[in-house]
Every structure is written in C-alpha cells, then in structure tokens.
Amino acid sequence: MSKHFTLHKKQRLKSHKKIEKLFNSGLRFGVAPFRVVYQLEATTGLQMGVTVPSKIFKKAVDRNRVKRLTREAYRLQCKPLQNLLAQQQKGLSVFFIYTDKQLPDWELVRNKMPVILNKLMQIVNEAVVTNIK
RNA sequence: ACUACCAGCCGAACUAUCGUCUUGUUAGCAAUAACAGGAAGGAAAGUCUGGACAGCACAGGGCAAUACACCGGUGAAUAGCCGGGUGGUGCCAAGCACCAACAGAAAGUGCCACAGAAAAUAACUGCCCCGCGCAAGCAGGGUGAGGGUGAAAAUGUGAGGUAAGAGCUCACAGCAGGUAUAAGUAAUUAUGCCAGCGGGUAAACCUUGUAUGCUGAAAUGCCACGUAUACCAGCGCCUGAAGACGGCCCGUCUGAUGCUGGAGGGUAGGCAGAUUGAUUUUGCAAAGUAAUUUGCAAAACAGAUAAAUGAUAGUUUAGAAACAGAAUCCGGCUUAUGAGCUGGUAGUUUUU
RNA sequence: GGUCCUGUGGCCGAGUGGCUAGGCAGAGCUCUGCAAAAGCUCGUACAGCGGUUCGAAUCCGCUCGGGACCU
Numbered sequence: 010m011s012k013h014f015t016l017h018k019k020q021r022l023k024s025h026k027k028i029e030k031l032f033n034s035g036l037r038f039g040v041a042p043f044r045v046v047y048q049l050e051a052t053t054g055l056q057m058g059v060t061v062p063s064k065i066f067k068k069a070v071d072r073n074r075v076k077r078l079t080r081e082a083y084r085l086q087c088k089p090l091q092n093l094l095a096q097q098q099k100g101l102s103v104f105f106i107y108t109d110k111q112l113p114d115w116e117l118v119r120n121k122m123p124v125i126l127n128k129l130m131q132i133v134n135e136a137v138v139t140n141i142k
C-alpha cells in the first residue's frame with residue numbers, strides 16, 4: 010500500500026463521452042447533501058468527478074469551495090474502495106452532485122463521505138456475488 | 001478625540017504533513033519516479049466600450065441601420081484620460097468647489113394632460129371710432145396681449161405716441177443671427193456696425209456632420225480515427241438552380257458527380273492557436289501646465305481543457321479577516337469591498 | 001465563452017409621457033334560518049438608484065433578479 014493519498018488526472022473522469030454515458034445509463038442514490046451517480050465499468054480502475062450546479066451557487070468562488078472540499082474528503086478516504094476494486098478486477102465511475110443550498114464546512118463533508126463510500130463498497134460486493142451466481 | 005460619508009493606498013505572514021496543475025533536468029521502451037522552479041485579481045466580475053489577432057469577402061454605387069457630437073492635446077484606438085472654453089448649482093462677493101449625453105427647435109412633422117379666452121394659426125372677451133336706438137344692445141370699421149390660469153403666455157422696464165393701441169418710435173437691459181476689428185492653434189471672448197426678436201420638447205420622429213464589411217478562439221489551421229460518392233422529396237444542368245460581395249437593392253463575378261430539406265450513419269481524440277506583449281512595476285534623467293512620452297537600469301509575468309492553488313495542525317498579527325476565482329490577449333469605464341493608514345467634508349465633546 | 005429578452009398587489013395580466021385597468025385569491029358587509037351563488041367595499045403594486053422632462057410604469061444610463069438561444 011502506497012503512503013500517498015493521490016488524486017491525479019487518471020483518477021478523475023476526464024472524457025466528455027464517458028460522462029455522457031454515465032449520466033444516461035448510470036444508477037443513482039442520495040446521501041444528505043449529495044446525489045451520487047455511479048456505473049460499473051469493464052476496465053479496471055476507479056474514476057470520479059464532482060459538479061456543483063450554478064443555479065444553487067451563483068458565485069464561482071463558492072462552487073470551487075464545494076468541489077475542493079469534496080475532492081479532498083474523497084482523496085483521503087477512497088483507499089478501501091480502490092483496494093476492493095483491485096481485488097475484484099472491476100472498474101467504477103462515480104459522480105458527485107452537490108444539491109444543498111447551504112455552503113458546507115469541512116466537518117460535514119468529511120463525515121458524509123465514508124457513508125457514501127461504504128454504500129458503494131456494498132454495491133460492488135453485491136454485484137460480484139450476483140455475477141458468481 | 002470620536003462618529004458618519006467621500007477619494008486614494010493596501011489586499012496577512014511563517015512552519016510541518018498530505019495533495020493538484022505545469023516548466024526544466026536526469027532515469028526509463030513506456031507508464032512513471034526523483035530533484036529544482038513557477039501557479040489568480042484590484043477588480044480576474046459586469047460585458048458597457050476601444051483595439052490586437054483569426055476566418056470569409058476585398059469592382060463599385062445607392063438606401064437602410066447603429067454609435068458618437070464645444071475645442072485642443074494624448075494615445076494603437078475609444079463613448080477613456082488631461083488641459084481649456086461655455087453653461088448650471090452652492091457659498092454675501094472676488095474666487096473656489098462640484099456637475100454637464102455640451103451640434104441643430106430660424107428645414108419639416110408630431111406632442112404639450114388639468115387649468116386657462118388662448119399652448120402658438122386664429123377665435124372669444126376687452127378697448128376705441130362712427131351710425132342706428134330712450135335704453136339694453138345691434139351693424140360696420142380700427143386695434144392687438146388688459147383677461148384671476150399654468151411648468152411655460154408672444155423679450156422686460158420707463159417714456160413718447162394715439163380715437164384706442166401696438167418694438168409703432170426712443171432709452172436702458174436681455175436673447176440669438178450676420179459682419180468687421182483685436183486676442184487665442186481653436187472652441188471662444190471683447191468691442192463696433194447691420195438687420196431682427198416667431199414658447200418648450202431632439203434621453204419624440206428627424207436634420208447636419210463623422211465613423212462603422214460581417215463573425216468571434218466554442219474563431220481558425222493541421223493530424224489521426226471512422227462512415228453512406230448510399231436512400232427519399234424538391235429545384236437545376238448554360239433559356240442558369242444556387243453561391244459571393246453576410247441588413248436590403250442595383251450591378252459584378254463564380255457556377256454543374258450541383259444546391260436545399262428530410263430520415264439515417266459516423267466522429268466528438270491529439271497538436272497548433274496559447275501565453276513575453278502597443279506588457280507591468282520600481283528607480284533615475286529629460287520634454288510637457290497635465291494626461292502622457294522618451295532614454296538608461298533593475299525586477300516580474302499562471303496556462304488548465306468537466307477545467308489546477310486545497311485540507312489538517314500550530315504560531316504571529318487583530319478576531320487564524322472583506323469583495324471575490326484566470327479560460328485568446330491588452331487599454332479604459334462601471335459596480336462590489338474587511339481591518340489599518342493618508343487626505344477632505346459634516347456633526348458632537350473637551351481644552352486654549 | 002458569446003448573443004438576446006424580460007421584471008406592474010399574494011397569483012395571472014392590460015397599460016400612446018398626464019389619477020396604474022381587469023380577473024383569481026384574501027378580509028369585511030348585504031342577502032339567508034344556515035350556507036352556496038350574487039352584489040358592494042378594502043389594501044405599502046410599476047425590481048433598485050440616478051438622469052432627461054413642467055411631469056416617467058413608459059425615454060436614457062448603471063445595478064440587481066428571472067428566462068431563452070448559439071455550442
């Protein structure tokens with residue numbers, strides 16, 4: 010296990026095409042201030058993206074703030090999910106959409122992120138089980 | 001001294017751990033790794049403006065549309081900036097401060113509610129003369145601002161003049177026009193003469209002058225991948241469909257495996273554009289009232305492409321602060337802005 | 001990133017520069033034994049600030065909000 014909690018280009022969703030596909034056919038669930046869109050991929054690796062609607066936060070500074078906090082929380086806590094996917098030889102695309110009207114603080118985002126990640130791990134496990142059956 | 005407002009300056013610093021983008025070097029086939037360096041603003045914002053740059057066009061003419069509008073300077077350019085003029089407002093005045101979308105109402109058209117006789121042509125009422133009539137009044141003629149209003153009433157005051165009156169005449173004052181002289185680069189100012197005095201509104205239409213080809217980096221060029229030069233409908237193939245001059249018309253040019261529409265298929269990756277340029281800041285010197293320009297020296301300048309500056313802990317300051325996040329790049333304008341500092345204005349209190 | 005449109009009571013919506021219509025909703029009154037229906041009456045309405053004008057919802061400038069289009 011690496012000592013770095015990295016989050017560079019390869020681990021973010023960069024392709025317009027993939028994002029279109031994710032939003033068209035991906036599955037969704039909601040956790041408190043976030044909505045999560047996810048889809049299992051054939052290729053290995055975990056990719057993520059964040060978006061904040063400009064209708065809710067009119068100022069670019071606020072949108073950047075939310076995105077940074079979300080990315081930071083994800084970066085520090087995504088290791089278990091990554092390891093699980095590596096074990097199962099699976100890929101996953103995740104997209105976070107912030108939907109609350111209040112500007113969040115660091116505590117809130119940090120506490121909510123594990124909830125989402127645990128749920129995702131559960132989903133991955135179930136998918137593997139059904140495939141085996 | 002405090003408070004409020006206005007203008008300007010400034011736009012926290014340091015350490016540790018983890019992390020993002022990028023440049024260079026080294027290693028590696030590559031993925032990547034290591035080391036060194038760089039990484040938001042005064043407004044990056046609004047998109048209100050002026051350009052650079054790129055593509056298409058570049059025989060021309062007319063109409064339309066839009067913008068601007070005192071003069072000179074500045075600058076790549078502007079609706080910016082600087083200086084001057086004129087006008088307005090404030091202070092008793094000199095003078096000072098602030099403000100001005102500041103061409104034309106004597107080219108034409110429109111509009112001016114309510115009130116008022118009347119909102120610009122006149123009419124009504126009034127005044128005067130003559131005639132008729134006992135009188136009220138009637139008929140004819142003269143006259144033009146006396147008529148309570150209104151934001152605005154035919155330039156104002158005084159005198160002459162007259163039957164009554166009237167810039168009808170005169171004096172003083174005001175207004176705008178022409179012309180001459182003087183000052184000034186000019187706007188304009190001063191004085192004289194001539195002929196006048198028919199409200200306001202052009203941020204109503206408009207007129208005059210000046211400027212503007214259109215589209216914006218999601219422009220544009222190249223490479224790679226891939227498909228359908230197929231199908232349907234219409235028009236046309238030299239008796240001319242359509243396109244270009246991108247608002248329209250004339251006119252000119254191009255023009256045939258073509259053009260338009262429908263349904264459908266494919267791609268949506270990479271490189272360039274693209275970050276050092278009319279650059280910014282500081283210091284010194286020179287020119288200029290100033291904006292600004294020139295020379296020398298030094299320093300600085302991000303470059304992403306679902307889009308990068310963050311998180312945690314601690315310290316200092318003052319409470320771990322306001323407005324706020326680059327997306328082609330520059331000039332200006334406008335708007336937002338905490339604490340502190342500087343200057344100005346107003347108020348309150350204290351002392352002299 | 002760029003180009004446009006728009007803002008009138010709680011809601012919808014008309015409005016040549018001269019007192020801001022109308023409908024729905026709400027409140028009160030009349031009618032009724034009680035309601036409904038009907039009738040009458042009522043209210044901080046022109047997004048904000050500044051300018052032009054005698055006078056601005058309207059014209060002009062700036063700001064704020066809402067919406068659409070190009071891609």
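First residue of the first sequence: 10, per this note's numbering; consecutive thereafter.
All C-beta atoms in this analysis are idealised placements derived from N, C-alpha and C, irrespective of residue type, glycine included.
Distance between beta carbons of L90 and L126, contact taken as under 8 Å: Confirmed, Cβ separation roughly 5 Å.
Chain-order list of residues whose beta-carbon lies under 8 Å from that of F66 (same chain, five-residue window excluded): Taken in chain order, the residues that qualify are R72, V75 and L112.
Nonlocal neighbours in the same chain, by C-beta distance under 7 Å from Y47, ignoring five residues either side: Cβ neighbours of Y47 within its own chain (closer than 7 Å, five residues either side excluded): G35, L36, L101, S102, V103 and L129.
N-terminal and C-terminal residue of the beta strand (DSSP E) that F38 is part of: From DSSP, the beta strand (DSSP E) with F38 extends over L36 to V40.
DSSP three-state assignment for Q48, whether helix, strand or coil: Under the three-state reduction of DSSP, Q48 is assigned to strand.
Cut-off 7 Å between Cβ atoms - residues of its own chain near R44, not counting five sequence neighbours on either side: Residues of the same chain with a CB within less than 7 Å of the CB of R44, apart from the 5 flanking positions on each side, are R37, I106 and T108 in chain order.
Bridge partner(s) assigned by DSSP for Y107: Residue pairing from DSSP places Y107 in a beta bridge opposite F43.
N-terminal and C-terminal residue of the alpha helix (DSSP H) that Q96 is part of: Note, Q96: alpha helix (DSSP H), K88 to Q97.
Among L55, G39, V124 and K64, nearest to Q98 - alpha-carbon criterion: The option with the nearest alpha carbon to Q98 is L55.
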